[in-house]
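So the protein sequences, as listed, match chains W and Y.
Under the working numbering, the letters of the first sequence match residues 19 to 414, in that order.
Under the working numbering, the letters of the second sequence match residues 9 to 335, in that order.
Idealized CB from N, CA, C, for every residue including glycine.
Fair warning: this is a prediction, and the values are worked out from it, not measured in the lab.
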Amino acid sequence: MSHHSPTAPLGTRMLTPGVYALLALVAVGLLCGAYRFLFGLEASTNLDQQYPWGIWIVADVSFIALAAGGFTTAAVVHIFHRSHYHLLARPALTLALLGYTSACLVLAADLGRYYNIWHPVLPMCWQGNSALYEVGMCVMCYLIVLYIEFLPIVCEHFIRDDRRPRLQAFFTRLYGLVGRTMFLFIILGVGISCLHQSSLGNVMVLASYKLHPLWQTPILSLLFLVSAVAAGFPVVIFMAICGAWSLGLKPRMHVVAPLARHVPLVLSIYLAFKVGDLLVRRSYVHLAEATPQTVSFLVEILVGLAVPIALTLSSRVRQSPKWLSLATALAMFGIVLNRANVYWIGYQPPYTQKIYLPSLTEWGITIGVLAGLLVCWRAALVFLPVVSLPHRFKTA
Amino acid sequence: MDVSRRDFLKQAGVLGAGTVASVGGATQALASGDASAAADSVGVLVDLTKCNGCRRCEAACAQANGFPVPADAELKDTAVFAEHRRPGPQSYTTVNSFRSAGDPANGGGTVFVKTNCLHCVDPACVSACLVRALQKDPRGPVTYDPWKCMGCRYCMVACPFQIPAYEYDKALTPQVRKCTLCMNEGNPHRGGVPACVQACPMECLTYGRRSDLLAQAHEKIKAHPEKYIDHVYGEHEAGGTSWMYVAGAPFEELGFLNISAEAPPRLTEAIQHAVFKHFVPPVAWCAILGMAMWLNRPAAGPHAPLAEAAGEPAPDPAPSPAEGARP
């Protein structure tokens with residue numbers, strides 16, 4: 019039936035100098051992780067009684083925000099059936115799956131009693147008043163949904179392997195079963211994503227006056243949802259361009275450029291919400307203060323939102339892989355900086371002795387997990403049928 | 009410890025509350041924001057005009073909770089007042105010294121302030137805790153169950169008074185630490201008058217029903233308007249607290265935070281429960297997505313939406329490996 023080109027493993031060389039560099043970072047991250055689990059949080063982090071949350075929480079919420087590319091692409095391709103973007107669906111799904119898995123790994127390092135991470139499922143622990151409970155349950159469910167959505171890719175891999183007929187038969191059956199029910203998981207995935215992306219904003223509303231008034235707003239959950247949706251397209255575009263480069267392929271601008279037309283629109287909607295919130299709460303008065311918070315807020319709005327909007331409004335930028343990757347990278351930076359502002363830079367406990375800055379171990383684990391994500395993503399594209407590759411785009 | 013007249017009075021004063029306390033053998037979960045239990049719950053009223061900074065409450069607290077107990081000589085050393093100490097994982101309460109502008113005869117001058125968990129009526133930490141490790145005991149205290157805790161430290165982020173402290177130094181079983189109003193397991197004062205209240209030689213601390221304490225506080229202020237400022241700290245702060253203060257100097261001068269009267273959970277829980285009301289909004293949202301999916305289904309064959317959702321159709325012969333790009 020398909021008018022889409024079939025997906026296939028790229029079969030590109032896996033181990034390049036860049037991948038070796040990433041693997042070195044993964045090794046450093048593993049060492050830092052071992053140090054954290056052996057000696058505890060005091061030895062490995064700069065967290066203290068004033069700042070209970072640090073760079074790891076920022077990494078968690080950033081991974082989750084950027085993984086929004088998965089559910090926005092799923093909505094575009096599978097719910098609104100814009101089949102033009104079909105070939106982006108699997109790479110975006112893979113990236114989202116790795117993003118959520120990374121968030122869980124970093125979270126495990128952050129939790130003092132990581133072995134209790136599953137407690138929200140216990141009925142005696144159910145706590146519907148907590149936004150973080152909702153986030154925990156949704157992330158668990160969405161992680162399962164993501165792995166189910168990934169199953170067809172795994173199935174196809176084994177179906178193509180004629181050397182193992184019994185595995186082939188099993189995965190053919192599984193493929194049919196998953197295929198018939200997939201629409202449910204697509205809907206669930208998009209639904210759950212919207213819920214917990216917004217709850218992540220409500221988490222910090224409870225911090226009341228401790229969060230700087232430039233960010234503290236009753237509609238923080240709405241802003242988090244809108245910004246996650248706004249982050250989705252830039253992430254997918256950046257992924258498509260830089261992913262193609264790293265694999266020695268030509269970025270497929272005929273797919274990416276039309277998608278980029280929506281970027282200024284979604285980013286502008288988010289900017290409108292931000293500015294409207296600033297005006298309604300009259301919190302713009304804080305912009306006159308010369309504090310790190312004000313600077314960080316302005317960078318978030320100007321560099322992370324206004325500049326990418328202005329850039330992507332130009333069709334020349336949207337047609338140029340280099341310029342478009344820069345514009346979408348800035349948009350991603352803006353979303354990550356927003357999460358960092360809400361969870362770290364804007365958090366001002368009343369009794370502060372010293373300002374929190376992450377320790378080397380905290381950076382090591384964060385960067386190690388990010389490097390691991392990139393290696394795994396490349397491995398998925400190289401060895402599994404994730405990318406659909408028309409003949410004319412075979413090589414750069 | 010011999011039962012002095014003061015202790016006896018304290019005991020008598022809380023007889024009613026004590027009965028309430030003994031009735032509830034097992035800790036019952038109180039729905040967050042349920043103010044009905046607040047009337048009967050217990051608390052402590054602190055009269056800051058009486059505190060002489062002897063820090064015996066600190067010693068008694070350490071004793072009751074199994075922390076290193078400061079020796080008598082240590083307690084007499086006033087050098088500790090050079091800095092403002094916060095409660096920590098090894099000390100649930102601290103006494104700090106503040107200079108107030110007022111007349112020393114009327115509660116001004118040097119004022120000592122005891123700091124600990126205020127046991128909010130509608131606690132943000134309890135609303136925050138995603139596994140119900142922190143709970144508001146209907147009897148008044150906010151208690152902690154380390155078995156449930158996953159160590160996310162959201163309670164510390166949520167607390168408007170910055171009270172819960174974390175045992176960062178423990179690699180395997182760190183706990184959130186804060187005053188439990190001597191209601192934690194293994195505490196010799198469990199279910200009775202808290203250790204600090206019993207130890208205070210200045211009658212600065214009064215343990216009793218919160219409603220009684222509030223009435224008492226307002227009577228004090230009314231009887232001695234020259235001695236007390238007209239503000240019971242904790243009556244309204246953060247939705248009200250079980251631990252309350254009267255003072256002779258403005259609370260801002262004594263290191264108290266100016267906290268709004270609305271309990272932080274009221275806003276977040278209203279949002280959370282609106283989004284999840286009877287699970288109708290999430291289900292409706294998924295139904296809308298399903299509708300959109302169906303309306304946008306491609307015109308092709310009947311199985312198109314399903315097959316497409318799963319990726320490429322299974323029966324299609326897979327491309328041979330040779331088709332994959334090899335540089």
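Distance CB(residue i)-CB(residue j) smaller than 8 Å
| i | j | result |
| --- | --- | --- |
| Val-244/W | Phe-291/W | yes |
| Tyr-288/W | Asn-64/W | no |
| Phe-251/W | Ser-216/W | no |
| Leu-348/W | Ile-255/W | no |
| Ile-327/W | Pro-282/W | yes |
| Ile-267/Y | Glu-245/Y | yes |
| Val-404/W | Arg-178/W | no |
| Leu-213/W | Cys-156/W | yes |
| Thr-379/W | Tyr-53/W | yes |
| Arg-198/Y | Ser-49/Y | no |
| Ala-132/Y | Ala-166/Y | yes |
| His-8/W | Ile-204/W | The structure shown has nothing for residue 8/W, since chain W only spans 19 to 414. |
| Ala-223/Y | Phe-57/W | no |
Cross-chain neighbours of residue i in chain W, by beta carbon under 8 Å
| i | result |
| --- | --- |
| Ala-173/Y | Gln-67 |
| Tyr-8/Y | Look at the range of chain Y in this structure, 9 to 335, and you will see that residue 8/Y is not part of it. |
Neighbouring residues, chain Y, relative to residue i (Cβ below 9 Å)
| i | result |
| --- | --- |
| Leu-56/W | Ala-179 |
| Asn-359/W | Per Cβ cutoff of 9 Å: no residues; Asn-359/W is ~15 Å from chain Y at best. |
Partners in chain W for residue i, counting only beta-carbon separations shorter than 7 Å
| i | result |
| --- | --- |
| Ser-135/Y | Asn-147, Ser-148 and Leu-224 |
| Thr-276/Y | Ala-149, Asn-220, Val-223 and Leu-224 |
| Leu-265/Y | Pro-368 |
| Gln-71/Y | What Gln-71/Y touches in chain W: nothing, since even the nearest Cβ is about 23 Å away. |
| Met-158/Y | Leu-129, Arg-131, Asn-134, Ile-135 and His-137 |
Nonlocal neighbours in the same chain, by C-beta distance under 8 Å from residue i, ignoring five residues either side
| i | result |
| --- | --- |
| Arg-270/W | Leu-105, Ala-258, Ala-262 and Phe-411 |
| Cys-160/Y | Leu-138 |
| Phe-98/W | none |
| Ala-312/Y | Low confidence applies here, because Ala-312/Y scores a pLDDT of 40, under 50, leaving its location unreliable; read the following figure in that light. Excluding sequence neighbours, Ala-312/Y sits near Arg-305 and Pro-306. |
| Ala-67/Y | Val-77, Pro-78, Leu-83 and Ala-207 |
Contact set between residue i and chain Y, taken where Cβ atoms lie within less than 7 Å
| i | result |
| --- | --- |
| Gly-209/W | Pro-290, Trp-293, Cys-294 and Leu-297 |
| Pro-376/W | Going along chain Y, no residue has its Cβ under 7 Å from Pro-376/W, so there is no contact; the nearest lies around 15 Å. |
| Ile-205/W | Cys-294, Leu-297, Gly-298 and Met-301 |
| His-99/W | Asn-304, Arg-305 and Pro-306 |
Per-residue DSSP class, three states only, for residue i
| i | result |
| --- | --- |
| Phe-264/Y | coil |
| Gly-51/Y | strand |
| Ala-79/Y | coil |
| Asn-304/Y | coil |
| Arg-182/W | coil |
| Ala-26/W | strand |
| Ala-349/W | helix |
| Trp-74/W | helix |
| Trp-251/Y | strand |
| Gly-309/Y | Caution is warranted here: a pLDDT of 47 is assigned to Gly-309/Y, below 50, making its placement in the model unreliable, and the coordinate value is therefore given only provisionally. Looking at Gly-309/Y - three-state DSSP - the assignment turns out to be coil, as it is neither helix nor strand. |
| Cys-157/Y | coil |
| Ser-44/Y | Because Ser-44/Y carries a pLDDT of 47, less than 50, the predicted location of this residue cannot be relied on, and the following value inherits that uncertainty. Ser-44/Y: helix per DSSP, three-state reduction. |
| Phe-284/Y | coil |
Sequence-distant residues of the same chain with beta carbon closer than 6 Å to residue i, five excluded per side
| i | result |
| --- | --- |
| Glu-261/Y | Ser-108 |
| Ala-248/W | Val-284, Leu-285 and Tyr-288 |
| Ile-385/W | Leu-43 |
| Val-274/W | Ile-255 and Ala-258 |
| Arg-300/W | none |
| Arg-185/Y | Pro-97 and Ala-173 |
Chain Y residues whose Cβ lies nearer than 8 Å to that of residue i
| i | result |
| --- | --- |
| Glu-307/W | Residues of chain Y passing the Cβ test: none, with the nearest at roughly 19 Å. |
Interface partners of residue i on chain A, CB under 8 Å
| i | result |
| --- | --- |
| Tyr-151/W | The structure shown contains no chain A; the protein chains it does contain are W and Y. |
Close Cβ partners of residue i (< 7 Å) along its chain, the five nearest in sequence each way excluded
| i | result |
| --- | --- |
| Leu-265/W | Leu-28, Thr-30 and Leu-399 |
| Val-205/Y | Lys-18, Val-52, Leu-213 and Tyr-215 |
| Leu-59/W | Leu-65 and Gly-130 |
Residue i Cβ short of 7 Å to the ligand NAD heavy atom set
| i | result |
| --- | --- |
| Ala-52/W | Among the ligands in the structure shown, none appear at all, so the ligand NAD cannot be discussed. |
- Touching by the beta-carbon criterion (3+ pairs, under 8 Å), the region 63 to 76 of chain Y and the region 185 to 196 of chain Y: Because the criterion of three Cβ pairs below 8 Å is met, the region 63 to 76 of chain Y and the region 185 to 196 of chain Y touch.
- Query: How do the region 66 to 80 of chain W and the region 354 to 369 of chain W stand: do at least 3 beta-carbon pairs fall below 8 Å, yes or no?
  - Reply: Verdict: yes, contact present.
- Message: I'd like to know if the region 130 to 143 of chain W and the region 136 to 148 of chain Y are in contact, where contact means that at least 3 CB-CB pairs between them fall below 8 Å.
- Response: Short answer: they touch.
- Message: When you compare the region 89 to 97 of chain W with the region 233 to 240 of chain W, are there three or more beta-carbon pairs, one atom per stretch, that lie closer than 8 Å?
- Response: No: the two stretches stay apart, fewer than three of their Cβ pairs being nearer than 8 Å.
- Touching or not, the region 229 to 246 of chain Y and the region 90 to 106 of chain Y, by the rule of three or more beta carbon pairs under 8 Å? Contact between the region 229 to 246 of chain Y and the region 90 to 106 of chain Y is absent, because fewer than three Cβ pairs lie under 8 Å.
- Query: Taking contact to mean at least 3 C-beta pairs separated by less than 8 Å, is the region 275 to 284 of chain Y in contact with the region 248 to 258 of chain Y?
  - Reply: Touching, no.
- Item | Cβ contact (3+ pairs, closer than 8 Å) linking the region 130 to 139 of chain W and the region 171 to 187 of chain W | With the cut-off at 8 Å, the region 130 to 139 of chain W and the region 171 to 187 of chain W do not touch.
- Task: Report yes or no: do the region 106 to 121 of chain W and the region 180 to 187 of chain W share at least 3 C-beta pairs separated by less than 8 Å?
- Result: Flag = no, the region 106 to 121 of chain W and the region 180 to 187 of chain W do not touch.
- Query: Are the region 142 to 161 of chain Y and the region 38 to 47 of chain W in contact at 8 Å, needing three or more beta carbon pairs?
  - Reply: Segments in contact, no.
- Task: Count the C-beta pairs between the region 146 to 153 of chain W and the region 120 to 139 of chain Y that are closer than 8 Å, then say yes if the count reaches three, no if not.
- Result: Verdict: yes, contact present.
- Query: Is the region 148 to 155 of chain Y in contact with the region 90 to 98 of chain Y, if contact means three or more CB pairs nearer than 8 Å?
  - Reply: With a cut-off of 8 Å on Cβ pairs, the region 148 to 155 of chain Y is not in contact with the region 90 to 98 of chain Y, counting fewer than three such pairs.
- Task: Would you check if the region 276 to 294 of chain Y and the region 173 to 189 of chain Y touch, i.e. whether three or more CB-CB distances between them fall below 8 Å?
- Result: Touching, no, given that fewer than three Cβ pairs across the two stretches are closer than 8 Å.
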